[in-house]
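Chains as they are written, first to last, in the working numbering: chain V, 22 to 131; chain H, 137 to 253.
This report concerns only the one structure given below.
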């Protein structure tokens, strides 16, 4: 089993719809969680950190479920510009390395 | 604006030559930087952890003599691909670790696309 797993997609979603995807992690002692966005042939860019209480940034909401060991990302009112690959990253306890998921590809269609 | 600068962004070289890639943290000191490689449609693969003032820590399967890492200052790490071959063609990305509140966040350089002919 991979340490961090994501559904590779692609998720084909009409513009304006709400889309959500999850990322599961195997190390129950993991401490920090992040969502990054990567556009084609570009570097990953931090989208948001994921806090225990969940957090929201505009149309984006991230949640952490420690009991089931997954994080989620919800995108409301999706825009064409949201099309990208979304990577989750998990930092094990006491370790500053990030363990990366393979990414979920999202395609927003007009 | 960018907090991590990576150069060059694109390199085309002949087989057998060496290529040096620089990664700089622009407005913070980074004691730890990371080097990744990404093949098309694949996930990021961590190659090595670069530690300022000490030897890099390489991931299993990554040849340290082929991928030379130097982290001589708190703002600069370099990756040298020695005697590059076509199979080394890939997208190389560096990141720098920055403390933000209680979290260590990685910020990425724009990446270097290496094509070895």
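For glycine and all other residues, C-beta sits at the position ideal for the given N, C-alpha and C.
On a predicted model such as this, the values are computed, not experimentally measured, just so you know.
Give every residue of the same chain whose Cβ lies closer than 6 Å to the Cβ of residue i, excluding the five residues on either side of it in the sequence, and list them in chain order.
i: residue 176 (chain H); result: none
i: residue 222 (chain H); result: 252
i: residue 84 (chain V); result: 75 and 93
Report all residues from its chain with a CB closer than 7 Å to the CB of residue i; omit the five preceding and five following residues, and keep chain order.
i: residue 28 (chain V); result: 42 and 125
i: residue 37 (chain V); result: 98 and 99
i: residue 25 (chain V); result: 44, 46, 109, 111, 120, 121 and 122
For a test of your reading of the model: does the CB of residue i fall under 8 Å from any non-hydrogen atom of the ligand MG? Yes or no.
i: residue 221 (chain H); result: You won't find the ligand MG in this model; it holds no ligand whatsoever.
For a quick check, are the C-beta atoms of residue i and residue j less than 9 Å apart?
i: residue 122 (chain V); j: residue 213 (chain H); result: no
i: residue 183 (chain H); j: residue 194 (chain H); result: yes
i: residue 217 (chain H); j: residue 154 (chain H); result: yes
i: residue 151 (chain H); j: residue 220 (chain H); result: yes
i: residue 243 (chain H); j: residue 174 (chain H); result: no
i: residue 149 (chain H); j: residue 250 (chain H); result: yes
So residue i and residue j are supposed to be a Cβ contact under 8 Å. How far apart are they, rounded?
i: residue 107 (chain V); j: residue 119 (chain V); result: 15 Å between Cβ atoms; not a contact.
Between residue i and the rest of its own chain, which residues show a CB-CB distance below 8 Å, the 5 nearest in sequence each way excluded?
i: residue 187 (chain H); result: 167, 168, 193 and 207
i: residue 32 (chain V); result: 40, 42, 125, 126, 127 and 128
Taking the alpha-carbon positions, what's the residue i to residue j distance?
i: residue 52 (chain V); j: residue 224 (chain H); result: 34 Å
i: residue 145 (chain H); j: residue 247 (chain H); result: 6 Å
i: residue 35 (chain V); j: residue 102 (chain V); result: 12 Å
i: residue 72 (chain V); j: residue 241 (chain H); result: 13 Å
i: residue 78 (chain V); j: residue 90 (chain V); result: 22 Å
i: residue 202 (chain H); j: residue 245 (chain H); result: 21 Å
i: residue 88 (chain V); j: residue 113 (chain V); result: 16 Å
Ordered list of beta strand (DSSP E) runs contained in the stretch 205-244 of chain H, each at least 3 residues: 212-217, 226-236 and 239-244
Which complete beta strand (DSSP E) runs does the stretch 64-125 of chain V hold, if anything under 3 residues is left out? 65-71, 76-78, 81-86, 91-96 and 105-112
Continuous beta strand (DSSP E) assignments of at least 3 residues falling wholly in the stretch 137-167 of chain H: 140-143, 146-149 and 155-161
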